[in-house]
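Structure record follows, encoded as structure tokens.
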Amino acid sequence: MNRRRFLAGAAAGAAISTLDWLRFFRAFGVPGTKKELGFAEAAAAEADNPRFLIYWFQEGGWDGYSMFNPVHTPNDSIRVIPAGELRPTPSWTNHRYRPKGYGASPLDPPRTQGNIQYGYLAQDGLDLFPDLAVVSSHNGNTFHSGGRWEYHYGKYSASLSGKRNADERTVMQAFCEAYGTGFLLPHVSWHRWLSDGELSIPSYPEGTGYYEKLGPVHAHTLYGKTPAAMRERLASLGNVAQGQRDARIRQFTDSLQASFLAEKNSESVRAFNSALQIHRALTAGGSINLDPRTLFTDPTLRAEFGITAADEATDSSSINGNPARTKETPNTNVQALMTYEMMTKGLSIGFFIENRGLRQFDTHRDRRSIMNNKGQTEQRDMMRRNLWNPLKALVAKLKATPYGTTGKSYYDFTTIVLASEMGRTIQGDVEGIIAKAGVTDAQKYEEIMLQDCCQHWRVNSVAFLGGTVRGNTQYGRVGSASLDGIPMMPNGTLDPAYDADTGLLVPGRTKNATSFVSDAGHVYATALHLSGLDPAALKAAGKGRNDRPPMTFIKR
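Going letter by letter, the sequence shown gives residues 45 to 600 in my numbering.
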């Protein structure tokens, strides 16, 4: 098979992929003169606008009222109330339960830095605040698996157990479909939707629930798993000269210079240039100088991300008494290191980072347990280990790493989204229990004591970082009396029909028809908007069904 036959022998209409070019280079060398290769690089550079997207997800439901939905309340868990008392003052319903020690350092009441008000769970992220845009009027989903699904797919009418349709996309699939053609492993994820024991695996056959194979192949979800597993995957791609070519190759002609000029924006030209860079990195004098076995092993880099051997291990948990399941993922600091290396080595552009522990932030606690403990479960150490420390390390590395000769860093071309599927309650309404007929006071009291006062709650928040994000900003807030998100206007300001402190509707006023509390769909659209894409145009083209608009005020 000669070069002309390789380039012209495939059926027209299919783009030449990066992997196809690499196979050809291994078999026949790089075609073209230096001048022609210069055209390739120039043409690709002219069309190139690098984009990277990272979702960083705290699975299980963080304590929003101590994070970016900050409210200051008493901690009624320290009260001493006689056993059997049904009507203390304040009433059980009006109790507010905060983590043990709340109100004093290090569990301080809400503070403000710059333009951002925050709870103590965000204290370890203060260094990032100049780059951070926080949305505090935000609703999650109180169903674990439903909420996690929505942060992938956005908001629209859909059955989780139904077959996914050809026009559905996760946010990362939509992003990688647009930008991922020139990369070997565009879309890497460490979530595992079916790992939650509340989901019956037989009820979600191939093509249902979270479906990895929507859109073109370069948009499909690849699970990052552990460093060892990724090294093995990358090593298997090293012998690209072997094996039969498995993609149809569009006729490209022998006239490379003319092709580069005429088709400078084509997938084939971008793929050629990407493959050329990879080939040059992999080969020097005919020898391999980048060994996949060395990836993620650099001791300096591992120290910067604080990685120990234990961080690379996976774990498993039993949910609702079901057999233990696992996400097959390492700790988030390892995921962050892998993200950095795969991004800066030109392998991947889209990453979904998620804590390895199943429902790690799902800190349920009944009233008796809270009163005995003098407080709710405290999430500060979990937040520091799973979010702030590795995130700060990743952002620092991205900012310190220049992107080619652009004069900018990788961070400048990256969008980062911080989210959790839900918040958590800090109270429990007992009026329905007290009003029960045919139930003794002792039984009512016992039910009150067993009431979950740290359960799933819609009040939530989300934050964005990256080169296109308007940093040091906060949009929306939670009312001190309503404990609910105050609706925002389309420009991000608060709906004036609501009291900006209490969150209650001002007497005689009505909610503005255009105001809203954001949700996972708005986050989906905003992530794409910040990445240079038009969410509405993607939907019209059959590349996603999310029906929420972007929060354009986030973009600088």
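By construction, the Cβ of each residue, glycine as well, lies at the ideal position given by its N, Cα and C atoms.
Query, Result
"Sequence-distant residues of the same chain with beta carbon closer than 6 Å to Gly536, five excluded per side", "Tyr519, Phe597"
"According to DSSP, residues forming a beta bridge with Thr156", "Gln161"
"Whole-Å CB distance - Val513 paired with Asp175, under 8 Å assumed", "7 Å"
"Residue of Ala479, Lys480, Arg277, Ser524 minimising C-alpha distance to Leu391", "Arg277"
"Counterpart residues of His231 in DSSP-defined beta bridges", "Gly394"
"Coil, strand or helix - Ala571 by DSSP", "helix"
"Assigned secondary structure, Met532 (DSSP; H/G/I helix, E/B strand, else coil)", "strand"
"From Gly108, Ala525, Leu238, Asn159, residue whose alpha carbon lies closest to that of Asn603", "Beyond the ends of the chain as shown, which are 45 and 600, falls residue 603; an answer cannot be given."
"Leu339, buried or exposed, once every other Cβ within 10 Å from all chains shown has been counted against 16", "buried"
"Alpha carbon of Val474 to alpha carbon of Thr137, nearest angstrom", "6 Å"
"Per DSSP, cross-strand counterpart(s) of Ala507", "Val178, Leu462"
"Simplified DSSP state of Asn119, which is helix, strand or coil", "coil"
"As assigned by DSSP and simplified to three states, the class of Leu172", "helix"
"The stretch 547-557 in contact with the stretch 570-586 per 3-pair CB rule at 8 Å", "no"
"Chain-order list of residues whose beta-carbon lies under 8 Å from that of Gly158 (same chain, five-residue window excluded)", "Phe173, Pro174, Asn516"
"First through last residue of the beta strand (DSSP E) which encompasses Phe101", "96-101"
"Cβ contact check for the stretch 422-433 and the stretch 90-108: 3 or more pairs under 8 Å", "yes"
"Minimum C-alpha distance to Pro126 - residue among Phe508, Pro594, Glu490", "Glu490"
"Residues that Phe27 bridges to, as DSSP identifies them", "An answer regarding residue 27 cannot be provided, because it is not within the stretch 45 to 600 covered by the chain."
"Own chain residues within Cβ distance below 6 Å of Leu348, not counting five before or after", "The sequence shown places Glu at residue 348, rather than the Leu named in the question. Taken in chain order, the residues that qualify are Ala437."
"Inter-residue spacing [alpha-carbon to alpha-carbon] between Gln286 and Ala279", "Summary for Gln286: the model assigns pLDDT 35, below 50, so the residue's position carries little reliability; its value from the coordinates is reported in the next sentence. If you take the alpha carbons of Gln286 and Ala279, they lie about 13 Å apart."
"Identified DSSP bridge partners for Arg369", "Ser361"
"Identity of the residues DSSP links to Lys207 by a beta bridge", "Thr252"
"Ala91 - DSSP class collapsed to helix/strand/coil", "Unreliable positioning characterises Ala91 in this predicted model, as indicated by a pLDDT of 41, which lies under 50. The coordinate reading is nonetheless provided below. Residue state, collapsed to three classes: helix."
"Alpha-carbon spacing of Arg213 relative to Ser244, whole angstroms", "23 Å"
"Whole-number beta carbon distance between Asp563 and Arg592, since they are thought to touch under 8 Å", "7 Å"
"Gln487 to His500 span [Cα, whole Å]", "25 Å"
"CB of Ser110 within 8 Å of CB of Gly529, strictly", "no"
"Coarse secondary structure for Ser280, derived from DSSP in three states", "helix"
"Straight-line gap, Ala463 to Asn183 (C-alpha atoms, nearest Å)", "11 Å"
"C-alpha distance - Arg337 paired with Thr388, whole-angstrom precision", "17 Å"
"Pairwise C-alpha distance: Pro446 and Lys452", "6 Å"
"Closest residue to Ser205 among Leu435, Gly190, Phe219, Tyr195 (Cα-Cα distance)", "Gly190"
"CB of Gln420 within 8 Å of CB of Pro246, strictly", "no"
"N- and C-terminal bounds of the beta strand (DSSP E) containing Gln518", "517-519"
"Coil, strand or helix - Pro126 by DSSP", "coil"
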